[in-house]
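Input: a single structure, listed below in structure tokens.
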Amino acid sequence: MEWSVILNKLAEGMVVSIVIFVLTLLLSLPLGLIVAFGRMSRNFLLRNFIKLYISIMRGTPLMLQLMVVYFGPYYVFRIRLPNEYRFIAVIIGFVINYAAYFAEIYRGGIESMPVGQYEAAYILGYSKTQTFMRIILPQVIKRILPSITNETITLVKDTSLAQVISVSEMFTQARAIASREASVLPFFAAGVFYYIFNYIVAFAMEWFEKKLSYFR
Numbered sequence: 633m634e635w636s637v638i639l640n641k642l643a644e645g646m647v648v649s650i651v652i653f654v655l656t657l658l659l660s661l662p663l664g665l666i667v668a669f670g671r672m673s674r675n676f677l678l679r680n681f682i683k684l685y686i687s688i689m690r691g692t693p694l695m696l697q698l699m700v701v702y703f704g705p706y707y708v709f710r711i712r713l714p715n716e717y718r719f720i721a722v723i724i725g726f727v728i729n730y731a732a733y734f735a736e737i738y739r740g741g742i743e744s745m746p747v748g749q750y751e752a753a754y755i756l757g758y759s760k761t762q763t764f765m766r767i768i769l770p771q772v773i774k775r776i777l778p779s780i781t782n783e784t785i786t787l788v789k790d791t792s793l794a795q796v797i798s799v800s801e802m803f804t805q806a807r808a809i810a811s812r813e814a815s816v817l818p819f820f821a822a823g824v825f826y827y828i829f830n831y832i833v834a835f836a837m838e839w840f841e842k843k844l845s846y847f848r
């Protein structure tokens, strides 16, 4: 197989990996903030339910979670879902997993803020919502950005786990080509693709962090 064909196949898989990456971030970042609020809630039942959810998501492999999301509806409820559900299951699995990690990052950032800032905002007449959105959240984002960057880079590599339920992302394509051609070169090519993807993500996050440097 010619290199142009190999690269085209890997590029097709890379598109799937990028879609998984983008959708996961777009959905898990806001969901993580909501989960963080639940984790800090004064409601005993809600707080402990969220705590259990986070514990399960962080304490079990993402690969296992993907399999549960995909096979669960059939084995539990005997519901046969269309083949297109594979990709939906990947997104659901990634989102609920990463939302748990992001929630703990958010919680750490929010709880690290000095109480005096809330008191000062109250004196100035800000509501709780205004205080959080205009004063606390911008500072929290700045503080947690390095941790968010680490999780984002991990997400790039974790997209390869979609292969467990036969979603043909880049690593799946590389493995298929390597098996067919009896060559390790497709894996090296995939490694280069992943590295470039991660480099772009890290560069973008670093640029964003510098943009927020005025909060120091």
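In this text, residue positions in the sequence shown follow the working numbering: the first is 633, and each later residue adds one.
Backbone N, C-alpha and C define an ideal beta-carbon position, used for all residues, glycine too.
Asked	Found
Given 8 Å, three or more beta-carbon pairs between the segment 643 to 650 and the segment 803 to 811	yes
DSSP-derived helix/strand/coil call for residue 738	helix
Residue 666 to residue 687 span [Cα, whole Å]	16 Å
C-alpha distance - residue 754 paired with residue 669, whole-angstrom precision	20 Å
CB of residue 809 within 9 Å of CB of residue 641, strictly	yes
Segment limits, alpha helix (DSSP H) that includes residue 766	That residue, residue 766, is in no alpha helix (DSSP H); it is neither H nor E in DSSP.
Given residue 659 as reference, the closest of 795, 734, 776 once Cα atoms are compared	734
Cβ pair residue 702, residue 718 closer than 9 Å	yes
Beta-carbon gap between residue 676 and residue 787 smaller than 9 Å	no
Residue 760 versus residue 750 - alpha carbon distance	8 Å
Start-end ranges of the beta strand (DSSP E) lying completely within the segment 778 to 809, minimum 3 residues	none
For residue 844, the three-state DSSP class (helix, strand or coil)	coil
Pairwise C-alpha distance: residue 637 and residue 774	43 Å
C-alpha gap between residue 791 and residue 768, whole angstroms	32 Å
Beta-carbon spacing of residue 793, residue 689 below 9 Å	no
Length of the line joining the Cα atoms of residue 820 and residue 656	26 Å
Exposed unless 16 or more other CB atoms sit within 10 angstroms - verdict on residue 746	exposed
Neighbour-count burial assignment, residue 731, 16 or more Cβ in a 10 Å radius	buried
Enclosing alpha helix (DSSP H) for residue 574 [first to last residue]	Residue 574 lies beyond the residue range present for the chain, which begins at 633 and ends at 848; the question has no answer from this structure.
Residues near residue 729 by beta carbon distance below 6 Å, same chain, minus five either side	689, 694, 697
Rounded separation between residue 827 and residue 740 - CA only	29 Å
Buried versus exposed, by CB contacts within 10 Å (16 or more), residue 671	buried
Residue from 663, 838, 817 with nearest C-alpha to residue 726	663
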